[in-house]
Structures are given as C-alpha cells and as structure tokens.
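Please read the structure below before turning to the comments.
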Amino acid sequence: MAAINADPEVMRWIGDGSVRDRARTRAGIDASEREWEEHGVGLFAVECRESGQFVGFAGLSVPSFLPEILPAVELGWRLARPFWGRGLATEASRVVLDFALRDRGLARIVGVHATGNHASERVLGKLGMRRERRTTHPRYGVPLCVHVLETCP
Ligand SMILES: CC(C)(COP(=O)(O)OP(=O)(O)OC[C@H]1O[C@@H](n2cnc3c(N)ncnc32)[C@H](O)[C@@H]1OP(=O)(O)O)[C@@H](O)C(=O)NCCC(=O)NCCS
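At position 7 of the sequence shown (counting the first as 1) the number is 9 in the working numbering, and the numbers step up by one without a gap.
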C-alpha cells in the first residue's frame, strides 16, 4: 500500500494531490482498523484472482473530512496503476456495495471524487450512483462532486 500511495499518478485526485509516505500509509490503515471496530465498516484488501497479487483497497469509511454530508458512509477505492483499465475498481466496489447494503443494512452510501477524476466518476456511474451536489474540500479548497446511492425504504 505504501508503494501505491507513493505513486503521484495514483494520488493525483486524492486530498491535496500529494503522495504519502510509509508512516502516513500506516496511519491510514490504523484509522481504517479503528473504523472497523467503532462503526463496523472499513477497507478491504483487493487481490488479483489469477495471481493473488495485492492490487489496492476498496471499502467504506466515514467521510469526516466533509462535515456537510455527515452522517454518511463513503465508498472508495485506490488501486495500483498496473491494474487500472481492467474493470477491477468496479468489480471490487460492487462487492463492497453489496456488503454495505445487505450485510450492514445501510440505506444510503455516498461517493466523493475530485472534479476532473473522470475514471472515478465513471465507476460511480456504473455502480448506479447519482450526482447529488458539488462542493469544495474544506481543507484543501479542491472542487468535489458528491454522488449518492439510496435504497427504497
Ligand atoms: C479510479 C480507478 C480506481 C479506476 O480503476 P479501474 O479498475 O481502471 O476502473 P474500472 O476499469 O472499473 O472503470 C473505469 C471506467 O472509467 C473509464 N475511464 C478511465 N479513465 C478515464 C478518463 N480519463 N476519462 C473518462 N473515463 C475514464 C474507463 O473506460 C472505465 O469505464 P468503462 O467501463 O465504461 O470503459 C483508478 O484509476 C485508481 O485507483 N485511481 C487512483 C485512486 C482514486 O482516484 N481513487 C478514487 C478517489 S475518488
């Protein structure tokens, strides 16, 4: 994961767009472990079925960086560049969505991407999420797009 977080092309549309070192990667994994314990949601490792190679993560988190949409659970992913373009983000995210809706019984999932991150926007569209609003990252001033998927009551 540290190698993925050190790739500027991967990190281009995440946070302020800067790469993350090993310590920050560790802190991110620790934060996800805490979310599993406190909220019952978190990140899953994604592996390539054929080779067993580590591809990245897909999963759920509480988007505390964006208080205006709270309470919410966010679907997200981050894959190593050699694995892009094979449909893996969509495949992994479908499994995560199923986990969120069926296993965790959540009725509303959000997806947040930086404006211009067209690949992620496309993935959210393929998952059936609709664009709800445009806003700005409170800390980094980056324009963001919020997508939502809601189940019928
Ligand atoms: C975004 C990302 C997950 C895509 O992974 P992936 O496995 O290649 O995604 P998929 O193949 O499932 O789907 C990508 C879709 O976007 C399309 N796409 C890719 N690049 C695109 C671009 N620059 N403009 C428009 N569409 C694009 C693909 O054609 C595909 O759509 P299609 O199935 O209709 O052809 C990957 O680029 C990534 O991990 N990026 C870095 C981290 C990141 O941005 N995370 C999300 C933050 S919100």
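Just so it is clear, CB atoms sit at the ideal spot from N, CA and C, and this is done for glycine as well. On a predicted model such as this, the values are computed, not experimentally measured, just so you know.
Can you tell which of Gly107, Gly42 and Gly78 has its C-alpha closest to the C-alpha of cysteine 154? Among Gly107, Gly42 and Gly78, the Cα nearest to that of cysteine 154 is on Gly107.
Could you have a look at glycine 127 and say whether DSSP puts it in helix, strand or coil? The answer is helix: DSSP assigns glycine 127 an H, G or I state.
What number of angstroms, rounded off, separates the C-alpha of threonine 117 from the C-alpha of tryptophan 38? Going by C-alpha positions, threonine 117 is about 29 Å away from tryptophan 38.
Nearest chain C C-beta to arginine 133 closer than 8 Å, yes or no? In the displayed structure, chain C is absent; only one protein chain is listed.
Neighbour-count burial assignment, leucine 151, 16 or more Cβ in a 10 Å radius: Around the C-beta of leucine 151, 16 or more other C-beta atoms lie within 10 Å, and the residue is accordingly described as buried.
Does the beta-carbon of leucine 81, which I'm using as the reference point, lie nearer than 7 Å to any heavy atom of ligand 1? Indeed, a heavy atom of ligand 1 lies less than 7 Å from the Cβ.
Does the pairing of the region 116-133 with the region 87-102 give three or more beta-carbon distances under 8 Å? The answer is yes - the region 87-102 touches the region 116-133, with three or more Cβ pairs under 8 Å.
Suppose contacts are defined by Cβ-Cβ distances below 8 Å. Is glycine 61 in contact with glycine 78 by that definition? Yes.
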